[in-house]
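Just so you know, the sequence shown maps onto residues 59 to 471 in the numbering used here. Ideal placement from N, C-alpha and C gives every residue a C-beta, glycine not left out. Source: prediction; values computed, not measured. Before any comments, here is the structure.
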Amino acid sequence: MRDNRPSRRFTPILLTSILSLAVVFGPRLSAVAQGKPTPAQALKAAVAKAKQLEAQLNKLKANATKAQKAVSDAADALKAQQAATAKIAVLQEAELKKKADAIAAQQKAAAAATKAARAKAQGMKDEVAKLKAAVAKATNDQKAAEKNVKPQTDAAKKATDAKTAADKEAAIAAKALADAQKRAKAPMDKATKAATAAKTASDTLKKTNATIVPPRRPSPFPNAKVKTTEAAITKFAPTLAKAEATLETQTLASITASKAYESALIATNKMVSFSDSIAPIFAQRCVACHNARTAKGRLNLDSFAATLKGGESGLSFEAGKADDSTLVALIEDGSMPKDADPLTADQIKLIKKWINTGGGLNAGVGVNDPLIAIVPKRPQPMPPQRGIASRCPSPRLPSAPMANNWPARVITR
């Protein structure tokens with residue numbers, strides 16, 4: 059049979075436990091005698107307190123589990139929301155880009171139409187100028203011809219008189235010839251001379267008639283064409299004005315759409331604004347030594363176009379490759395700005411990000427615009443309000459010095 063008696067090896071342990079309880083609860087037993095709770099009561103209370111704490115712990119654990127689940131659910135919801143937001147941002151960027159490209163194409167077409175209209179208008183103006191020059195030349199030729207009218211008229215009269223005289227001499231010569239034929243040989247010679255004189259007079263008349271040139275009159279055609287072309291220019295003016303207005307409208311619309319697209323890119327860290335973020339750094343820290351007048355190393359940074367051009371070391375940067383850019387190397391090793399504090403880490407990081415995201419220029423900003431014209435304007439302090447000076451007490455002026463009881467006067471000359 060199994061021995062149910064306690065083993066002897068537990069006896070010392072039991073005695074030790076009894077002694078410990080006696081030591082621990084001995085004072086409490088005396089406390090019972092003094093009206094304090096007994097160890098059983100204290101144990102019961104401790105057990106109840108332990109159960110209460112356990113219940114609170116279980117509740118806290120349950121709440122913690124719920125909270126952890128809520129946190130997990132919130133994290134999942136946040137992740138889903140971020141993904142949805144990113145997707146919406148991508149769609150928005152694509153839509154804005156599509157709109158900006160469409161409007162840019164319209165602006166380009168309007169620019170081409172306006173260029174053609176300007177060329178046509180200029181061609182008509184050139185034609186008018188050419189015709190007016192032809193009219194002026196014809197008028198000058200007419201005036202020159204009119205100056206020659208009197209000499210030509212005099213020459214014609216003189217030739218006519220010579221012809222009349224020659225006709226008379228011819229008649230006389232013919233009569234003399236007839237008479238000479240009836241007479242002797244000597245008069246015949248005279249007749250021959252008379253015939254020769256008649257022929258000479260006839261030749262002179264022909265030459266005189268050839269020298270008579272009627273004065274030219276200017277053709278009415280150039281003047282008529284000038285008026286026709288000027289009328290065409292006047293008629294075409296509304297078309298040109300409409301093309302100019304369309305181009306201006308399309309340009310403004312293109313700039314607005316491009317700015318909206320840029321704002322979306324900047325919000326998603328896909329672009330850095332040159333005018334808002336980069337130009338102020340260049341203007342404050344670089345332009346003093348790198349401008350059009352003082353371009354150290356032939357590097358000019360006072361405009362976007364000049365920045366792209368670079369200097370003695372080549373191009374300032376290559377879009378998308380900040381780490382390979384000369385500009386970044388110079389500002390990172392402290393070579394720029396020279397003899398001045400280096401750029402801050404945030405400024406260098408911003409410039410590198412601008413290059414890596416394309417190194418572009420904001421829409422509506424000219425490539426040759428000076429930096430001072432495109433950097434954001436700092437708010438200026440408000441001017442003092444009117445009336446403040448009147449509320450300030452006026453200082454008392456010292457009385458005028460007296461000499462012989464009369465105030466000294468300042469004599470002005």
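S371 in three-state terms, based on DSSP: coil
Nearest to I432 (by Cα), restricted to the options L189, Q165, I339: I339
Exposure of T222, with buried meaning 16 or more beta-carbon neighbours within 10 Å: exposed
Close Cβ partners of A318 (< 7 Å) along its chain, the five nearest in sequence each way excluded: L154
Complete runs of the alpha helix (DSSP H) confined to the stretch 334–398 [at least 4 residues]: 337–343, 362–367, 384–390
Pair within 8 Å by beta-carbon distance, C344 and K354: no
Sequence-distant residues of the same chain with beta carbon closer than 6 Å to T218, five excluded per side: none
Cα-Cα separation, G372 to F362: 16 Å
Contact set for G417: own chain, Cβ-Cβ below 7 Å, skip 5 residues either direction: F375, A377
Outcome for S393 when other beta-carbon atoms lying within 10 angstroms are tallied against a minimum of 16: exposed
Integer-rounded CB distance, given that A301 should sit under 8 Å from A171: 5 Å
Cβ neighbours of S331 in the same chain (closer than 8 Å, five flanking residues each side left out): E320, I324, N420
Contact belief for L408 with S335 at Cβ below 8 Å, rounded distance in angstroms: 6 Å
Backbone CA spacing between A179 and A152 [nearest angstrom]: 40 Å
Distance, L385 Cα to I291 Cα: 53 Å
Inter-stretch contact at 8 Å, needing at least 3 Cβ pairs: the stretch 186–194 / the stretch 280–287: yes
Three-state secondary structure (DSSP) of A400: Rather than Ala, the amino acid found at residue 400 in this sequence is Pro. P400 falls in the coil class under three-state DSSP.
Cβ pair K410, A387 closer than 8 Å: no
K117 burial status per 10 Å Cβ neighbour count (16 or more: buried): exposed
Assumed close pair E316, A158 - CB separation to whole angstroms, cut-off 8 Å: Strictly speaking, residue 316 in this sequence is Ser, with Glu absent from that position. Indeed they touch by this definition, with Cβ atoms about 5 Å apart.
Own chain residues within Cβ distance below 7 Å of N281, not counting five before or after: V193
Of the listed residues I413, T365, S312, nearest to M329 (C-alpha basis): I413
Cα-Cα separation, S448 to M440: Low local confidence applies: a pLDDT of 48 at S448 is under 50, so the model's placement there is unreliable, and no value is given.
Whole-angstrom distance between N358 and E370, CA atom to CA atom: 11 Å
Residue-level contact to chain C via CB, N198, 8 Å cutoff: Among the chains in the structure shown there is no chain C, since it carries only a single protein chain.
Rounded Cβ spacing between I161 and Q308 (contact assumed at less than 8 Å): 7 Å
Cβ neighbour criterion (16 or more within 10 Å) applied to D404: exposed
Limits of the alpha helix (DSSP H) - the one that M182 falls within: 97–205
Beta-carbon proximity check, Q150 vs A311, cutoff 8 Å: no
Endpoints, alpha helix (DSSP H) assigned at A431: 429–432
Local Cβ density within 10 Å of A125, reported as buried at 16 or more and exposed below that: exposed
Three-way DSSP call (helix, strand, coil) for T297 in this model: helix
Buried versus exposed, by CB contacts within 10 Å (16 or more), D391: exposed
Own chain partners of D397 with C-beta closer than 8 Å, once the 5 adjacent residues on each side are dropped: none
Inter-residue Cα distance where the pair is A135 and K127: 12 Å
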